[in-house]
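Residue numbers (this note's numbering): 37 to 238. We put the beta carbon where it would ideally sit given N, CA and C, even for glycine. Everything numeric in this text was worked out from a predicted model, so none of it was measured. Written out below as structure tokens is the structure these notes cover.
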């Protein structure tokens, strides 16, 4: 998202959200920006987490070898220009905002039942006002696409991962990875999605 768009949102009183909105009453969504292109909606309960990206634009990178075959990519890389809005793929609670050498600016969002953890990495920036503990609705702006961490500056993208968790697991514990690609490109229950052994990159 451009700086001008952020300024328009703030000037129009659309951002930051009010206390009630932050607590889930009427949360801020990308559609609140006048003239902005809304995020593409997948034919399932999940929303493609990058604005303007359609299902046909996605490539299944889950299971790819990385690091010369030393590790497996347990995520979906979604290419988009720097500054493209990153949005919540589903409702949830912001469990952790974390900066790491590999993932750069990252966001961990836990599903309301605490059994799924969605992970957003290589962001260029966090959305103004985003904080740990906030409830976000599907489609809410979380930040922007970037190349922080170990991502190439010439290939900005969102690294999006899903993990099945035990409800009492901490955000940093490794859950069972779930391939997001089938969930974002066709209507398929999460229980039927391709899953791989625990481990991989985060």
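Item to check | Closest by C-alpha distance to residue 181, when choosing among 137, 172, 197, 123 | outcome: Here residue 181 corresponds to residue number 145 of the chain shown, with the count starting at 1. Checking every option, the nearest Cα to that of residue 181 belongs to 123.
Checklist entry - Does DSSP put residue 221 in a helix, a strand or coil? => result As a first step, residue 221 is located in the chain shown; it is residue number 185 there, counting from the start. Assignment of residue 221 by DSSP, reduced to helix, strand and coil, places it in the helix class.
Checklist entry - When the Cα of residue 161 is compared with those of 140, 113, 97, which residue comes out closest? => result Mapped onto the chain shown, residue 161 falls at position 125. It is 140 whose Cα lies nearest to the Cα of residue 161.
Next on the checklist: According to DSSP, is residue 93 part of a helix, a strand, or is it coil?
Outcome noted: The count along the chain shown starts at 1 and reaches residue 93 at position 57. Note: residue 93 maps to helix in three-state DSSP.
Checklist entry - At what residues does the beta strand (DSSP E) containing residue 130 begin and finish? => result Against the chain shown, residue 130 aligns to sequence position 94. Residues 128-136.
Checklist entry - In chain order, what residues of the same chain have a beta carbon less than 8 Å from the beta carbon of residue 193, not counting five sequence neighbours either side? => result The residue labelled residue 193 in the question sits at position 157 within the chain shown. Excluding sequence positions up to five before and after residue 193, its CB lies within less than 8 Å of the CB of 113, 114, 115, 116, 158, 181, 183, 187, all in the same chain and listed in chain order.
Checklist entry - Can you tell which of 133, 152, 168, 137 has the C-alpha that lies nearest to the C-alpha of residue 143? => result The residue given as residue 143 occupies position 107 in the chain shown. Of the candidates 133, 152, 168, 137, the one whose C-alpha sits nearest the C-alpha of residue 143 is 133.
Item to check | Cβ neighbours of residue 168 in the same chain (closer than 8 Å, five flanking residues each side left out) | outcome: Residue 168 sits at position 132 when you count from the first residue of the chain shown. Excluding five sequence positions before and after residue 168, the CB atoms of its chain that fall closer than 8 Å to its own CB belong to 130, 131, 132, 133, given in chain order.
Item to check | Extent of the continuous beta strand (DSSP E) run through residue 113 | outcome: Mapped onto the chain shown, residue 113 falls at position 77. For residue 113, the uninterrupted beta strand (DSSP E) run begins and ends at 112-115, by DSSP.
Checklist entry - If you compare alpha carbons, which of 178, 95, 173 is closest to residue 166? => result Locating residue 166 in the chain shown gives position 130, counting from the first residue. The shortest C-alpha separation from residue 166 is found at 178.
Checklist entry - Apart from the five residues on each side of it in sequence, which residues of its chain come closer than 8 Å, Cβ to Cβ, to residue 118? => result Here residue 118 refers to the residue found at position 82 of the chain shown. Here residue 118 has 160, 180, 181, 182, 183, 192 as same chain residues with Cβ atoms under 8 Å from its own Cβ, once five neighbours each way along the sequence are excluded.
Checklist entry - Nearest to residue 156 by CA position, among 90, 110, 92, 93, is which residue? => result If you number the chain shown from 1, residue 156 lands on position 120. A check of alpha carbon separations from residue 156 across 90, 110, 92, 93 identifies 110 as the nearest.
Checklist entry - For residue 85, which three-state DSSP category applies? => result Locating residue 85 in the chain shown gives position 49, counting from the first residue. Correct three-state label for residue 85: coil.
Item to check | Separation of residue 199 from residue 152, as counted between CA atoms | outcome: What you label residue 152 is simply residue 116 of the chain shown in a count that begins at 1. What you label residue 199 is simply residue 163 of the chain shown in a count that begins at 1. Inter-residue distance for residue 152 and residue 199 is about 6 Å (C-alpha atoms, whole angstroms).
Item to check | Sheet register partners of residue 147 (DSSP bridge) | outcome: In the chain shown, the residue the question calls residue 147 occupies position 111. In DSSP, residue 147 forms no bridge with anything.
Item to check | From 89, 91, 97, 92, residue whose alpha carbon lies closest to that of residue 214 | outcome: Position 178 of the chain shown, counted from the first residue, corresponds to residue 214. The residue from 89, 91, 97, 92 with its alpha-carbon nearest to that of residue 214 is 97.
Next on the checklist: Determine, for residue 90, whether the minimum Cβ-Cβ distance to residues of chain C falls below 8 Å.
Outcome noted: No chain C appears in this structure, which consists of one protein chain only.
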